[in-house]
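Visitor: Quick note: the sequence shown uses UniProt numbering, first residue 1, plus one each step. Even for Gly, the Cβ is constructed at its ideal location relative to N, Cα and C. This structure is in C-alpha cells; I'll ask about it shortly.
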Amino acid sequence: MADPTPDRFDRRFELAATVLLAIAAVATAWAAYQSATWRGQQASAGSKSIAARVESTRAANLMNRQAQIDVALFTQWIDAYARDETELANFYRKRFRTEFRPAFDAWVATRPRTNPRAPLSPFAMPEYKLAAGATADRLEATAAALSQRAGDFIQRADNYALAGVLFAASLFFAGISTRLHARTPRTIVLGLGYTLFLGTVIWIATFPVNVSV
C-alpha cells in the first residue's frame with residue numbers, strides 16, 4: 001500500500017529546509033572564496049611592504065654614506081682653513097658633493113667665524129638635504145601604508161572565514177531539522193537556521209567584496 005501524501009505543513013517545511021540548505025551551501029562557498037581572495041590580497045600587500053622597506057633601508061644606507069663623505073670632506077676643509085692652507089682648503093672644497101654645496105655656501109654666508117648666532121656647521125642648515133634621505137622616508141611611509149593595508153586584508157579574510165562558519169552552522173540546522181519528526185522541534189531548529197543565516201547575511205552585506213582572480 002502506498003505511503004500517504006504528506007500534509008501541507010510537511011510539504012512547506014521540506015521546501016523551506018531545502019531552500020535553506022541550497023542558499024546556505026552557496027553562501028558558505030562564497031564566504032570561503034572571499035576569505036581566500038582577501039588572503040591573497042594580504043599576501044600581495046605584505047610582499048610589497050617588505051620590498052618597500054628593503055628599498056627604504058638601501059636608500060637610508062646610501063644617505064648615511066653620503067653624509068659620512070660630507071662630514072669627512074668638511075672636516076678636512078676646516079682643518080686646512082684653520083691652518084690658512086688656502087690651496088688645500090680649495091682642494092677639499094672642489095670635492096664637496098653637489099648636495100652639500102648649497103648648505104656649505106649658506107653656512108659660510110652666516111659668517112660663522114665672527115657670528116656667535118651662526119649654526120655650528122653646514123649640517124645644521126635647512127639647505128642640507130639629501131635626496132636619498134627623502135627617498136628613504138617616502139619608501140618607509142609606503143611600506144607602513146602597505147603594512148596597514150595587509151592588516152586590513154587579514155581582518156577582512158578573518159571576517160569572511162567567520163561568516164563561512166556561521167553559514168555552515170545554519171546549513172547544519174537545516175539538515176538536522178529534516179531528521180526530526182515532531183513539528184515543534186523541527187520548526188524551532190529550522191527557525192534557528194534561518195535566523196543565523198539571515199543575521200550573517202545582514203552582517204556580511206557590510207563587507208567589501210573582492211572579485212579578483
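1. Between the alpha carbons of THR178 and GLY193, how many angstroms are there, rounded?
2. From what residue to what residue does the alpha helix (DSSP H) around PHE104 run?
3. Using the beta-carbon count (16 or more within 10 Å), is ARG156 buried or exposed?
4. Could you give the DSSP three-state label for PRO185: helix, strand or coil?
5. Taking 9 Å as the threshold (beta carbon to beta carbon), is ALA25 in contact with chain D?
6. Do you know offhand how far TYR92's Cα is from ALA144's?
7. Is TRP38 near ILE154, with beta carbons less than 9 Å apart?
8. Pull up the distance between the alpha-carbon of GLN76 and that of ARG58, whole angstroms please.
9. Do ALA132 and GLN66 count as a contact pair if the criterion is CB distance below 9 Å?
10. If we call anything under 9 Å between Cβ atoms a contact, is ALA45 one with SER147?
11. Measure how close the beta-carbons of residue 252 and PHE173 come, nearest whole angstrom, since I'm counting them as under 8 Å.
12. Looking at LEU21: is its Cβ nearer than 9 Å to the Cβ of GLY175?
13. Which of helix, strand or coil does DSSP assign to GLU127?
Guide: In brief:
1. Taking the sequence shown and counting its residues from 1, one reaches residue 178 at position 178. Taking the sequence shown and counting its residues from 1, one reaches residue 193 at position 193. So the alpha carbons of these two residues sit roughly 12 Å apart.
2. Taking the first residue of the sequence shown as 1, we reach residue 104 at position 104. Residues 101-109.
3. Here residue 156 is taken as the residue at index 156 of the sequence shown, counted from 1. Under this definition ARG156 is a buried residue.
4. To locate residue 185, count along the sequence shown from 1; it is residue 185. PRO185 falls in the helix class under three-state DSSP.
5. Here there is only one protein chain, and chain D is not present.
6. As a first step, residue 92 is located in the sequence shown; it is residue number 92 there, counting from the start. As a first step, residue 144 is located in the sequence shown; it is residue number 144 there, counting from the start. Distance between the alpha carbons of TYR92 and ALA144: 40 Å.
7. Sequence index remark: in the sequence shown, residue 38 carries index 38 (1-based). Sequence index remark: in the sequence shown, residue 154 carries index 154 (1-based). Yes.
8. On the sequence shown, position 76 is the one that residue 76 refers to. On the sequence shown, position 58 is the one that residue 58 refers to. The straight-line gap separating the alpha-carbon atoms of GLN76 and ARG58 is approximately 27 Å.
9. For the purposes of this step, residue 66 is identified with residue 66 of the sequence shown, where counting begins at 1. For the purposes of this step, residue 132 is identified with residue 132 of the sequence shown, where counting begins at 1. For GLN66 and ALA132, yes; Cβs fall inside 9 Å.
10. Mapped onto the sequence shown, residue 45 falls at position 45. Mapped onto the sequence shown, residue 147 falls at position 147. A contact, by the Cβ cut-off of 9 Å.
11. Residue 252 falls outside the range modelled here, since the chain spans only 1 to 213, and no answer is possible.
12. The residue labelled residue 21 in the question sits at position 21 within the sequence shown. The residue labelled residue 175 in the question sits at position 175 within the sequence shown. For LEU21 and GLY175, yes; Cβs fall inside 9 Å.
13. As a first step, residue 127 is located in the sequence shown; it is residue number 127 there, counting from the start. DSSP places GLU127 in coil when its eight states are reduced to three.
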